[in-house]
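Colleague: Shown below is the structure under consideration.
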Amino acid sequence: MTNSEKPPQGKVVQLGTAYDPTPQLATKVQPTGDPDLYRFTSEPVSGGEWSAQGTATRSPSGLVLSTLEVRAGSSALSGVTGNMLRKVPVGVILNHVRADVALLTPVEPQAPQPERAPRRGGRAALSDDLLRQVAVSYLRETAPDRPAGALQRLATEFERPKGTIRTWLTRARADGWLGPSVKGRAGAEPGPRLQAEK
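Plus 321 on top of the position in the sequence shown (first one is 1) and you've got the numbering used here.
Now the structure itself:
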């Protein structure tokens, strides 16, 4: 959510949930000479108690924060404390970095997909259109400004149980609509097929 006043460089996202508004966060991502390494800075828009910087690295399970340095801000009279560290929203920073990296990543030409053998019996095949819709909805619902509970919102949107949505997300990753994810953490990068549509 963009700050209507004078926003700092980088994107501004709202932290917290719809029921618990909290200060806004400004995060800026910069590429390096290594296509798998990005630098970032992050801090509350209102300034304050802390600022963070570090690097994000592309791993087999997707983009992860590889280093994170937290510094005490001018209003932190006691320096870096455990209470301050608990206020640093690492998951939100990671999701924001993922979103920015997706915009910075050049689209590579995609090899043609091999024809699939026709299915015999069993459940109906999932169409590319459905998998694309699921991927786009998942990226929207796990964006930095969204509260937790993306899977439940997708289940409501598509009128299917959460287990079905998980299966569809797995298939969307396998078919290239979503990039890899970090185990136990919501969010992903757009897959090569979505990036090719930019």
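Glycine included, C-beta positions come from ideal geometry on N, C-alpha and C.
Since we're looking at a predicted model, the values are computed, not measured.
1) Between T485, A397, A377, which lies nearest to W371 when the distance is taken from Cα to Cα?
2) Tell me which residues share the same chain as G375 and place their Cβ nearer than 8 Å to its Cβ, disregarding the 5 neighbours each side in the sequence.
3) Just checking my contact of W498 with R467 at CB under 8 Å: how many whole Å lie between their CB atoms?
4) Report the rounded CA-to-CA distance for A347 versus P365, giving the unit in angstroms.
5) Check whether the Cβ atoms of A456 and L490 lie closer than 9 Å to each other.
6) Relative to the C-alpha of T353, which candidate in V422, L460, T402, A373 has its C-alpha closest?
7) Thinking just about the alpha-carbon of each residue, which of A493, S367, R461 is nearest to the one in E311?
8) Assuming S502 and S380 make a contact with CB atoms under 8 Å, what is their CB distance in whole Å?
9) Got a sec: does the ligand MG put a non-hydrogen atom nearer than 8 Å to the Cβ of A446?
10) Span of the alpha helix (DSSP H) holding A509?
11) Classify E480: buried if its beta carbon has 16 or more other beta carbons within 10 angstroms, exposed otherwise.
12) Going straight from the alpha carbon of S399 to that of V409, what length do you get?
13) Does the beta-carbon distance from Y459 to A495 come in below 9 Å?
Modeller: This is what the structure gives:
1) Numbered from its first residue, the sequence shown carries residue 371 at position 50. For W371, the closest of T485, A397, A377 by C-alpha to C-alpha distance is A397.
2) In the sequence shown, residue 375 corresponds to position 54, counting from 1. The residues are R360, F361, L386, S387, T388, L389, E390.
3) Working through the sequence shown from its first residue, we reach residue 498 at position 177. Working through the sequence shown from its first residue, we reach residue 467 at position 146. Going by Cβ atoms, the distance from W498 to R467 rounds to 19 Å, so no, they are not a contact pair.
4) Here residue 347 corresponds to residue number 26 of the sequence shown, with the count starting at 1. Here residue 365 corresponds to residue number 44 of the sequence shown, with the count starting at 1. One Cα belongs to A347, the other to P365, and the distance between them is close to 6 Å.
5) Taking the sequence shown and counting its residues from 1, one reaches residue 456 at position 135. Taking the sequence shown and counting its residues from 1, one reaches residue 490 at position 169. In this structure, L490 lies closer than 9 Å to A456 by Cβ.
6) Residue mapping note: residue 353 aligns to position 32 of the sequence shown, counting from 1. If we check each option's Cα against that of T353, V422 comes out closest.
7) Residue 311 lies beyond the residue range present for the chain, which begins at 322 and ends at 519; the question has no answer from this structure.
8) Within the sequence shown, the letter at position 181 stands for residue 502. Within the sequence shown, the letter at position 59 stands for residue 380. No, S502 and S380 are not in contact; Cβ-Cβ is about 11 Å, not under 8 Å.
9) You won't find the ligand MG in this model; it holds no ligand whatsoever.
10) Position 188 of the sequence shown, counted from the start, is the residue given in the question as residue 509. Unbroken run through A509: none, as it is neither H nor E.
11) In the sequence shown, the residue the question calls residue 480 occupies position 159. Under this definition E480 is an exposed residue.
12) Taking the sequence shown and counting its residues from 1, one reaches residue 399 at position 78. Taking the sequence shown and counting its residues from 1, one reaches residue 409 at position 88. Looking at the two C-alpha atoms, the distance is approximately 16 Å.
13) Within the sequence shown, numbered from 1, the residue matching residue 459 stands at position 138. Within the sequence shown, numbered from 1, the residue matching residue 495 stands at position 174. In this structure, A495 does not lie closer than 9 Å to Y459 by Cβ.
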